[in-house]
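In the order they appear, the protein sequences are chains A and B.
Residues in the first sequence are numbered consecutively from 56, following our numbering.
Residues in the second sequence are numbered consecutively from 5, following our numbering.
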Amino acid sequence: MTRRRTKTLKVDPLTRVEGEGSLFVKIKDGCLHDVQLKIYEPPRFFEAFLRGRHFSEAPDITARICGICPIAYQMSAVQAVEDALGLAVDGPLRELRRLIYCGEWIESHVLHVYMLHAPDFLGYSDAIRMAQEHGAEVERGLALKKIGNEIVSFLGGREIHPINMRVGGFYRVPTRRELDPLAEKLRWACDAARDMVRFAASLPFPEFEPEYTFVSLRHPAEYPMDQGRLVSNRGLDIAVSDYEAHFEEEHVAHSNALHATYGEHGDYLVGPLARYSLNFERLTPGAQEAAREAGLGPVCRNPFQSIVVRSVETLYACEEALRIIESYEQPSAAFVDATPRAGTGFGCTEAPRGILYHRYQVGADGSILAARIVPPTSQNQKRIEQDLREFLPARLGVPEAELTWQCEQAIRNYDPCISCATHFLKLKVDRI
Amino acid sequence: MTRKPKLAVWKFASCDGCQLSLLDCEDELLAVAGAVEIAYFPEASRAIRKGPYDLSLVEGSITTPHDAERIHKVRRASKVLVTIGACATAGGIQALRNFSNVEDFVKTVYANPAYVQTLRKSTAISDHVPVDFELRGCPINKTQLLEVLSAFLNGRRPVTPPHSVCVECKLHGIVCVMVAHGTPCLGGVTHAGCGAICPAYQRGCYGCFGPQEVPNTAALSRHFRSEGVAAKRVVQMFRGFNAYAEPFRKESEAQEPRGESGDRG
């Protein structure tokens, strides 16, 4: 009698990710047979209940898709609505939007680097256990994260689901003087972020460099955050409004989130590695130098080193936030008036985890008639599975517990936000 | 030596924001971790200890048959169960489905309705199991979360004032946006806890902490209508992040223009 030598690695639930998912890896006769990232987080139907609501509610409602990156949802939502209404928001109002987005990048990146990802490299279950032997590092992370949150809560009213962002600008804008205390803290934060880059660079990285298709925003002068064209390293260069002509979704049976694909290239990667590799020369000189010191070139294809890239982007966000505060002049009005008109608008911004696309069709009375939202983790989902397919074959001899942990770490490279990805299922609303 | 109480953090349908509030307590997190054993908190740790748990924090609402069973297991494994946030306490924003014709809705939305398992309604945890304490907010206030933890550790009831956001405004000396600017505001019927941030930023409260104790929603609706706010808009104001909390649900139903209830997707 022969025994079938089938081994299944199961990680259920996936931990230190946002939301609920699990991983199944099937190994048959010493070969990798199947990889499935399962998302069982229940769908919440956002695009469905946005219909009939007033456009002014879009930023507050879509923020609730994700408690980790609510600013990203608010930013893409207001831009898409403003596009539909033909509204331009620039000058100090746009600078303030970048400032609050910097706060979210800092808060979200630092959370991931110190509390969710670093423990993998150092062999701890979590940051609290890591703090017992790496107290100074964890405390630095908490202090930096707090500054990111302070920017968001000062400008937005609170850290999670801020209340101050609106179509056309803000409900209330700060005075020059009110921003001074933040500037003082950000000067410390820039130094701390340089230490963060050094810490991240000192971690051990496995050799692994897939041939990624990177997709991110690109702006003529700035590191991409709130504006730009969509570009890739495969020749893509399109306006945000053309997104749906180039990217499609597949429905796979094992997931409550659709998989996004990019033409004949199939899977693609969004997020820190893509932004960095497509926009290195747009980083501040300080951030570029820190990246070089950390041993990174202008392109980074090792997903495990995303922890270094996130740290470099944290430094960038600290420097950019400081620049905005130092050159800030209070605008004469807190917002540009919005007059309802019928139309369709598109918005895409760089959430900490990558591009977040919104489209709204608005009626003449200001009601939302249709909405479509594509979060970054849905776009990365297919690529996460592909990373595992490429990463695992050389490591199948590793003891099971260790191999399971390595799989988890490879998934956490993406800082996946499963809460975001799941609501994506509703996309079918628009296709019927 | 007494052992540390075991803490568990559970997630149902939600955005993760309320449990993130615990990680957002940057100054207190390590102290909290010193006072309790974090036994089940998948968002923060891959170390998972078996129950029973002394304190369970539950985030999210019940929206699937699987979750309707899972919450009973959580209850059985928990000595004290505290719900955190509007989803767990009132069904959350996803409870907007509760006002739709779900049969039609599912058929319209899904090519293959059998594939997606979802309940007709998004409901609060207390609709399924006994709950020891409910912490309000979308999201919760992290200072109030620390108060809940501290109260639990000291064997007392958490102190979270049940008065309205209106009272918080007065306590903070914030100019009334409704009286001074005519901005519609739910502060007069909404549970305190946020610190009246919306009026402080010159906008009306949108009710994310849910109804206060004994809210006079009818009087507020009459005032909105007399100020020229359309009935449809008044309905939507009560149908936000706590739409299925009973006083808000009843008020939105009372204000709903006849014959238009089916137009809301």
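Even glycine gets a Cβ: it sits at the ideal position worked out from N, Cα and C.
Note that this is a predicted model, so its numbers are computed, not measured.
Quick one: is Arg347 (chain A) buried, meaning 16 or more other Cβ sit within 10 Å of its Cβ, or exposed? Flag for Arg347 (chain A) reads exposed.
Which residue wins for smallest C-alpha separation from Pro69 (chain B), given the options B:Phe16, B:Gln23, B:Ala51, B:His227? For Pro69 (chain B), the nearest C-alpha among the options comes from B:Phe16.
Asp89 (chain A): buried (16+ other C-beta within 10 angstroms of its C-beta) or exposed? By the neighbour-count criterion, in which a residue is buried when 16 or more other Cβ atoms sit within 10 angstroms of its Cβ, Asp89 (chain A) is exposed.
Are the beta-carbon atoms of Asp175 (chain A) and Arg467 (chain A) separated by less than 8 Å? Less than 8 Å divides the Cβ of Asp175 (chain A) from the Cβ of Arg467 (chain A).
Looking at the C-beta of Arg119 (chain A), does it have a partner C-beta in chain B at a distance below 8 Å? Interface residue, yes.
Given that Arg99 (chain A) touches chain B, what residues does it touch there, using C-beta distances under 7 Å? Per Cβ cutoff of 7 Å: Ala17, Gln98.
Which runs of the alpha helix (DSSP H), 4 residues or longer, sit entirely within the segment 358–397 of chain A? Within the segment 358–397 of chain A, the complete alpha helix (DSSP H) runs of at least 4 residues are 361–381.
With the cut-off set at 8 Å, would you say Ala92 (chain B) and Ile42 (chain B) are in Cβ contact? Their beta carbons are not under 8 Å apart, which means Ala92 (chain B) does not touch Ile42 (chain B) by this criterion.
Boundaries (first-last residue) of the beta strand (DSSP E) holding Leu258 (chain A): It is not in any beta strand (DSSP E) - Leu258 (chain A) carries neither H nor E in the DSSP assignment.
Under the three-state reduction of DSSP, which class applies to Ala118 (chain B): helix, strand or coil? Confidence at Ala118 (chain B) is low in this model, with a pLDDT of 49, below 50, so the placement of that residue is unreliable and no value is reported for it.
Where DSSP assigns a beta bridge to Gln91 (chain A), which residues make up the other side? Per DSSP, the beta bridge partners of Gln91 (chain A) are A:Phe79.
Applying the 10 Å Cβ sphere with the 16-neighbour rule, what's the burial state of Ala456 (chain A)? By the 10 Å Cβ count, Ala456 (chain A) comes out exposed.
Quick one: what's Met185 (chain A) bridged to in DSSP? Note: Met185 (chain A) sits in no beta bridge, so no partner.
Can you tell me whether Ala118 (chain B) is buried or exposed? The criterion is at least 16 other CB atoms within 10 Å of its CB, across all chains shown. The predicted model places Ala118 (chain B) with a pLDDT of 49, which falls under 50 and marks its position as unreliable; any figure quoted below should be read in that light. The residue in question, Ala118 (chain B), is exposed, as its Cβ has fewer than 16 Cβ neighbours within 10 Å.
Residues bridged to Met241 (chain B) (per DSSP): Answer is none; Met241 (chain B) lacks a bridge partner.
For Phe401 (chain A), which residues in the same chain have their Cβ closer than 6 Å to its Cβ, ignoring the five residues on either side in sequence? The answer, listed in chain order, is Ala135, Asp138, Val295, Ser296, Arg414.
May I have the straight-line CA-CA distance separating Ala173 (chain A) from Ile362 (chain A), to the nearest angstrom? Rounded to whole angstroms, Ala173 (chain A) to Ile362 (chain A) spans 8 Å at the Cα level.
Leu458 (chain A) to Gly178 (chain A) span [Cα, whole Å]: In a straight line, the C-alpha of Leu458 (chain A) is about 13 Å away from that of Gly178 (chain A).
Are the Cβ atoms of Ile410 (chain A) and Pro395 (chain A) separated by less than 8 Å? Contact: no.
I'd like the list of long-range same chain contacts for Gly97 (chain B), defined as Cβ closer than 6 Å, with 5 residues on each side in sequence excluded. A small fix is needed here, since residue 97 (chain B) is Ile in this sequence, not Gly. For Ile97 (chain B), where only same-chain residues beyond five positions count, the Cβ hits under 6 Å are Phe245.
Give every residue of the same chain whose Cβ lies closer than 7 Å to the Cβ of Cys173 (chain B), excluding the five residues on either side of it in the sequence, and list them in chain order. Counting only Cβ-Cβ distances below 7 Å, and skipping sequence neighbours, we find Cys180, Gly191, Ala200, Pro203.
What are the start and end residues of each continuous alpha helix (DSSP H) run of 4 or more residues lying completely inside the segment 125–163 of chain B, in chain order? Listed in chain order, they are 146–157.
Val238 (chain B) burial status per 10 Å Cβ neighbour count (16 or more: buried): Answer is buried; the Cβ neighbour count reaches 16.
Can you list, in chain order, the residues of its chain with a C-beta nearer than 7 Å to that of Cys170 (chain B)? Leave out the 5 residues immediately preceding and following it. Once the five neighbours on either side are set aside, the close Cβ partners of Cys170 (chain B) are Gly191, Gly192.
Shorter than 8 Å from the beta carbon of Met220 (chain A) to some beta carbon of chain B? Not closer than 8 Å to any Cβ of chain B, the Cβ of Met220 (chain A) fails to qualify, so no.
What does Ala372 (chain A) touch in chain B if you count any residue whose Cβ is under 9 Å from its own? In chain order: nothing, as chain B lies at least about 17 Å away.
Between A:Leu69, A:Cys462, A:Gly321, A:Arg195, which lies nearest to Asp31 (chain B) when the distance is taken from Cα to Cα? For Asp31 (chain B), the closest of A:Leu69, A:Cys462, A:Gly321, A:Arg195 by C-alpha to C-alpha distance is A:Arg195.
Measuring only the C-alpha atoms, how far is Arg79 (chain B) from Leu197 (chain A)? Straight across, the Cα-Cα distance linking Arg79 (chain B) with Leu197 (chain A) is about 32 Å.
Output the distance between the C-alpha atoms of Gln206 (chain B) and Glu63 (chain B), rounded to the nearest integer angstrom. Going from the Cα of Gln206 (chain B) to the Cα of Glu63 (chain B) covers about 30 Å.
Contact set between Cys170 (chain B) and chain A, taken where Cβ atoms lie within less than 9 Å: Here the premise fails: no neighbours, minimum Cβ distance about 17 Å.
Contact set between the segment 59–85 of chain A and chain D, restricted to residues whose Cβ is under 7 Å from the partner: Protein chains A and B are contained in the structure displayed, whereas chain D is not.
Under 8 Å, CB to CB, which of the residues in the segment 27–39 of chain B have a partner in chain A? Within the segment 27–39 of chain B, Leu27, Asp28, Glu30, Asp31, Leu33, Leu34, Ala37 place their CB atoms closer than 8 Å to a CB of chain A, listed in sequence order.
According to DSSP, simplified to helix, strand and coil, what is Phe209 (chain A)? The answer is helix: DSSP assigns Phe209 (chain A) an H, G or I state.
With distance defined between alpha-carbon atoms, name the residue in A:Cys472, A:Tyr412, A:Val417 nearest to Gln129 (chain A). Cα-wise, what sits closest to Gln129 (chain A) is A:Tyr412.
N-terminal and C-terminal residue of the alpha helix (DSSP H) that Val183 (chain B) is part of: Counting along the chain, Val183 (chain B) sits inside the alpha helix (DSSP H) bounded by residues 181–185.
Members of the segment 124–146 of chain B that neighbour chain A once the beta carbon cut-off is set at 7 Å: Per Cβ criterion, the list reads Cys142, Pro143.
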